[in-house]
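The next block holds one structure in the form of structure tokens; read it before the comments.
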Amino acid sequence: MLVKDFTFELPQELIARYPVPERDASRLMLLNRNSGSIDESIFRNITDQLNAGDLLVMNDTRVFPARLFGLKPTGGKVEIFLLKRSGDLEQWECMLRSSKKIKIGQQILLESGMNAVVTNRSGAENWLVEFAGCEPFDLWLDREGHIPLPPYLQRIDCDTDRERYQTVVAKNTGAVAAPTAGLHFTPKLLEELALRGVETAFLTLHTGLGTFLPVRVEQVEDHQIHSERYLLPPETVEAIGRTKKSGGRVVAVGTTTARTLEYSASINGKLADGEGEADIFIYPGYNFKVVDALITNFHLPESTLLMLVSAFAGKEFVLRAYREAVARRFRFYSYGDAMLIY
1307 MLVKDFTFEL
1317 PQELIARYPV
1327 PERDASRLML
1337 LNRNSGSIDE
1347 SIFRNITDQL
1357 NAGDLLVMND
1367 TRVFPARLFG
1377 LKPTGGKVEI
1387 FLLKRSGDLE
1397 QWECMLRSSK
1407 KIKIGQQILL
1417 ESGMNAVVTN
1427 RSGAENWLVE
1437 FAGCEPFDLW
1447 LDREGHIPLP
1457 PYLQRIDCDT
1467 DRERYQTVVA
1477 KNTGAVAAPT
1487 AGLHFTPKLL
1497 EELALRGVET
1507 AFLTLHTGLG
1517 TFLPVRVEQV
1527 EDHQIHSERY
1537 LLPPETVEAI
1547 GRTKKSGGRV
1557 VAVGTTTART
1567 LEYSASINGK
1577 LADGEGEADI
1587 FIYPGYNFKV
1597 VDALITNFHL
1607 PESTLLMLVS
1617 AFAGKEFVLR
1627 AYREAVARRF
1637 RFYSYGDAML
1647 IY
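The sequence shown begins at 1307 in the working numbering and counts up by one.
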């Protein structure tokens, strides 16, 4: 299977660089896998598409301000992208970007009295960086760090991104990218769904930087996908079991939720609670074991996320829907519109 078979033409002006004023005012494309029909609605009207007895499963990860800007003692600029803690509370695995070569022992001066020093390499591309200042690093980071917007937005973060690049259910900090399908939900919309008999359950998958990495091989099967930390609570597994038994649908809110559920079902033989590193690569030919319907945004050409969606709905159907979305001027990517596939 060729990676280039998952491409499509996208005018740059259809990339949504800012969110719409109201979360649930995004457009919603409706894909019926049985009939092959493509319709559209407004996201807040998703209440018309979900039935009593259906179960929404949402990712409650919280994006942390992982992007930092500093200076070398010589004045050279350095960008630090935090990936994950490494042992000691104030040591992190990071990606570093600088106009000149980074060396072990390099000092970096940050805002408000925080300093950093590069202590070692971490693999071929990353570094270990230790932070020290006059206040706890987490407090400093929450105030001074920048929201790590996807590179295709081609802008620095602003104050509104602190709210809008989080879902309203975000609570477990650890992601460097938002589970964007969840961005469309509001507390009011979730309450209305509950009143209609649609239950909501949660899991956590901390979306990593790998979600933005391009596929660099020609054959889909040769790609090595990144792993991401997850936690699947027992109460969510129980809710899914009840839903399946009663004939309701398990509706995954986003590809991160779908990956977590399918990973658990694949490694355990059946869905089971637990935590670990999910590294499942889902592409056409995969047989979904848990997910009955999927809410997702519009993804990049040749991306693993587009491959997952194509596995769920069929590649030709999905690419036809994407062409239709371009023709209808839907907004694409993280701050863009959504689709419901059922």
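Where is the CB? At the ideal position from N, CA and C, for every residue including glycine.
Under a three-way DSSP split, which group does residue i fall into?
i: N1351; result: helix
i: S1616; result: helix
i: I1462; result: coil
i: V1559; result: strand
i: N1574; result: helix
i: L1646; result: strand
i: E1581; result: strand
i: F1638; result: strand
i: A1476; result: coil
i: L1606; result: coil
i: L1600; result: strand
i: L1455; result: coil
If I'm right that residue i touches residue j with Cβ under 8 Å, what's the distance once you round it to whole angstroms?
i: E1312; j: E1497; result: In the sequence as presented, Glu is not what sits at residue 1312; that position holds Phe. With a Cβ gap of about 37 Å, F1312 and E1497 do not count as contacting.
i: G1451; j: M1420; result: 10 Å between Cβ atoms; not a contact.
i: T1602; j: T1566; result: The pair is not a contact, with the Cβ atoms about 14 Å apart (cut-off 8 Å).
i: M1335; j: D1643; result: 7 Å
i: P1456; j: A1483; result: 7 Å
i: R1502; j: T1353; result: 6 Å
i: W1398; j: K1390; result: 7 Å
i: P1454; j: R1373; result: 5 Å
i: L1625; j: I1588; result: Contact doesn't hold; Cβ gap of about 17 Å is too wide.
i: V1504; j: V1556; result: The Cβ separation is near 12 Å, so there is no contact.
i: A1422; j: I1414; result: 4 Å
i: F1437; j: E1385; result: That pair is no contact at about 15 Å.
Taking 8 Å as the threshold (C-beta atoms), are residue j and residue i in contact?
i: A1617; j: I1647; result: no
i: S1418; j: G1382; result: no
i: K1551; j: E1568; result: no
i: A1558; j: T1513; result: no
i: Q1472; j: R1323; result: no
i: R1329; j: I1348; result: no
i: A1584; j: S1640; result: no
i: L1316; j: F1638; result: yes
i: V1309; j: E1441; result: no
i: T1610; j: I1531; result: yes
Are the region 1374–1394 and the region 1577–1587 touching by the rule of at least three beta carbon pairs closer than 8 Å?
no
Do the region 1332–1346 and the region 1628–1641 meet, that is, are 3 or more Cβ pairs less than 8 Å apart?
With a cut-off of 8 Å, the region 1628–1641 and the region 1332–1346 count as touching, because enough Cβ pairs lie within range.
Query raised in the report: Can we say the region 1358–1369 touches the region 1480–1491, given the rule of at least three CB pairs closer than 8 Å?
Result: yes
What residue ranges within the region 1314–1394 form continuous alpha helix (DSSP H) runs of no fewer than 4 residues, ordered along the chain?
none
Quiz item: Do the region 1462–1475 and the region 1429–1446 meet, that is, are 3 or more Cβ pairs less than 8 Å apart?
Solution: no
**Prompt:** Residue ranges of each alpha helix (DSSP H) run of no fewer than 4 residues wholly in the region 1483–1548, ordered along the chain?
**Reply:** 1493–1501
Check: Are there three or more Cβ pairs, one per stretch, closer than 8 Å when the region 1508–1520 is compared with the region 1535–1542?
Finding: yes
TODO: Within the region 1387–1452, note down every full beta strand (DSSP E) run reaching 3 residues or more, in order along the chain.
DONE: 1394–1404, 1413–1415, 1421–1428, 1432–1438
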